[in-house]
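Using my numbering, the final residue of the sequence shown is 882, and nothing's skipped along the way. C-beta: ideal position from N, C-alpha, C; glycine also. One structure is given here, and the rest of the page talks about it.
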Amino acid sequence: MDNDREIEQVHSQAQILAKSKERFLRDIMREFRQGQDRYDLETEFARTKKNRSLVIPLSILLLVAVFALVVTMVTRFIEETSLAIPVNIDDFADVNLRDLLDEAQRLQNRYDGTLRDRNRLTEERDSRVRSIERGLERELSLLEDSGLPLRERSLRAAQLRGDAEEQIRRIQEEFLRADQELAGELEELEAAIAQYDSRQLERAREQEEILNNQQRLFEMEMQQLRSRYDQEIEQLLANHQTELETIEAHHREAVAALRARNRENEVFLRRRFDPDLSDDPVGPLLTVPLEPPGEWAAPGSYRTVLAEAGLAGRGDHAAFLARHGELRTILERLQSIPYENSLAPALVQLDLRLQHLVSDYERVWRGLGDLAEEKTLALEQTRGVLAERKEDLARLQYALDELSMIQGESGYILDPRDPEAIDVYVHPLVVLPPDARGYVFRRDDELVGRVQFYERQGQIWARSDDEGLRPFDRILIDLQGGE
């Protein structure tokens, strides 16, 4: 309850205070609000703009113009005063100053010109030497990327360096003569300048002070021109050097790009036309140690015995020689190409294997030839033996014919060892009927067996089941075909 009462008291006091402020400060607050409502920033700026005056800017411009005019007039006055110094030529009549100064100036100008010519000559010599050196660098760079063998590149590089050194030597000799001439001219000019009397020069210098203003102005102008031209020359030289550096940088970049492209092309071409077959299934064949054949590495001459034996004609041998020559030509042409990877050993292996193949082929040909010769010799020997046997058979046939005629027999047993193929003699005048039979007698009344005749390959043979038949047993032929 007490707290509620206190709160009500505080609340009533606040209301009383607020009502008191509203009553006593009412007029002051009204005036304050009216003042706030009347103030406008844009309005104030507009009023300020209307109140701006042109007097101050015009006064400042006029003052600047006056100062500029005064400075210009003072400068012009000083220049005209310095240029209007009176000169009395009579003061120089006793020493002939004008001629002296003209001659001294002429000699000095010649000396300066000769010195500049000498410096320019030196620069030209150095420029030509640098040009030759840059050309040598370009040639060596192109030679390095040419893909030639190392020995040929070394010889070519040495030749290029020798030519460049010879050109540089000739240029130095040429410029040395010109430099010596200019040096002699400089010495003559120095001696001519030194011949002037120092006292006359001193008096001339003293009198020259009178003309110093004009001379100084001229020298200032000349110095300005010289400085400007020197700056322009330096700028041109700098620009030229910058252009040269840019061109050289571009050249180096182009050469580097060409080298990279050349290396890529070289790798591509090597992989395509000169591959590395070390990991290929044929790789081991390229490293097999193979010695050349001991004999017959090339085809031999033709042997007529091969044609006589019907094995190979002269045309076959000529065709073989032509194919072998063509293959050798192809191999030699390929071996002349400087392969660096697997094709070089592959060509060596092909060459060696071709030699071995020719050697084996030649061995076969020679063996066949030797065999044919042996067969031919044996055949000739056999023919001789056969001829002798034919003669023996002819003699035996004659003897048997005569014996048969004398004894009145129609045939004989010759070789009864094979009962199925008994070799018999039948008189040529006897014509055997088919399935003819015969009786075998040893004596006139001793029958030892029977035989059955048959013909094989144009010869008469007999077969018998009886044993005990002997050579030259007589045969009685049964021409009737009965028992």
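With respect to the C-alpha of Gln558, the residue from Leu535, Gly857 and Leu585 having the closest C-alpha is Leu535. Secondary structure note for Gln856: it is in no beta strand (DSSP E), with a DSSP letter that is neither H nor E. Under DSSP, the beta-bridge partners assigned to Glu845 are Arg842.
Looking at the backbone, the Cα of Val465 and that of Glu584 are separated by about 59 angstroms.
In the three-state DSSP reduction, Leu520 falls in the helix class (H, G or I). Checking the DSSP bridge columns, you'll see Tyr797 has no partner listed. Under DSSP, Asp877 forms a beta bridge with Arg836. Ser540 and Glu564 have their C-alpha atoms some 17 angstroms from each other. Assignment of Gly807 by DSSP, reduced to helix, strand and coil, places it in the coil class.
As the crow flies, the alpha-carbon of Arg732 is around 24 angstroms from that of Tyr760.
Three or more beta-carbon pairs separated by less than 8 angstroms are not found between the stretch 502-518 and the stretch 540-554, which leaves the two stretches without contact. Judged by DSSP in its simplified three-state form, Asp822 adopts strand. Using a Cβ distance threshold of 8 angstroms, Arg862 and Gln851 count as a contacting pair. A check of alpha carbon separations from Gln856 across Tyr797, Thr645, Ala820 and Leu588 identifies Ala820 as the nearest.
Under the 10 Å beta carbon count, Ser530 is surrounded by fewer than 16 other beta carbons and is classified as exposed. Remark: three or more beta-carbon pairs, one from each stretch, lie closer than 8 angstroms, so the stretch 822-839 and the stretch 858-878 are flagged as touching. Counting the other Cβ atoms within 10 Å of the Cβ of Leu746 gives 16 or more, which makes it buried.
The distance from the Cβ of Asp544 to that of Asn638 is about 32 angstroms, inconsistent with a contact at the 8 angstroms cut-off.
About 6 angstroms separates the CB atoms of Leu730 and Asp750; that is less than 8 angstroms, so the two are in contact. DSSP places Asp814 in the strand class (E or B) of the three-state scheme. In the three-state DSSP reduction, Val654 falls in the helix class (H, G or I). Per DSSP, Glu866 lies in no alpha helix (DSSP H) and is assigned neither H nor E. Secondary structure note for Ser553: its alpha helix (DSSP H) is the uninterrupted segment Leu549 to Ala593. When secondary structure is reduced to three states using DSSP, Val850 falls in the strand class.
Secondary structure of Ser540 (DSSP, three-state): helix. Rounded to the nearest whole angstrom, the CA to CA distance from Arg651 to Leu742 is 35 angstroms.
The continuous alpha helix (DSSP H) containing Ala718 extends over residues Arg713 to Gln734. The Cβ neighbour count for Pro870, taken over all protein chains shown within 10 Å, is under 16; the residue is labelled exposed. Residue Tyr510 holds the alpha-carbon nearest to the alpha-carbon of Glu586 among Thr781, Tyr510 and Ser735. Burial check for Val823: the Cβ neighbour count within 10 Å reaches 16 or more, so the residue is buried. Comparing alpha carbon positions, the residue from Gln630, Arg669 and Asp791 closest to Pro737 is Arg669. For Glu739, the secondary structure class from DSSP, reduced to helix, strand or coil, is coil.
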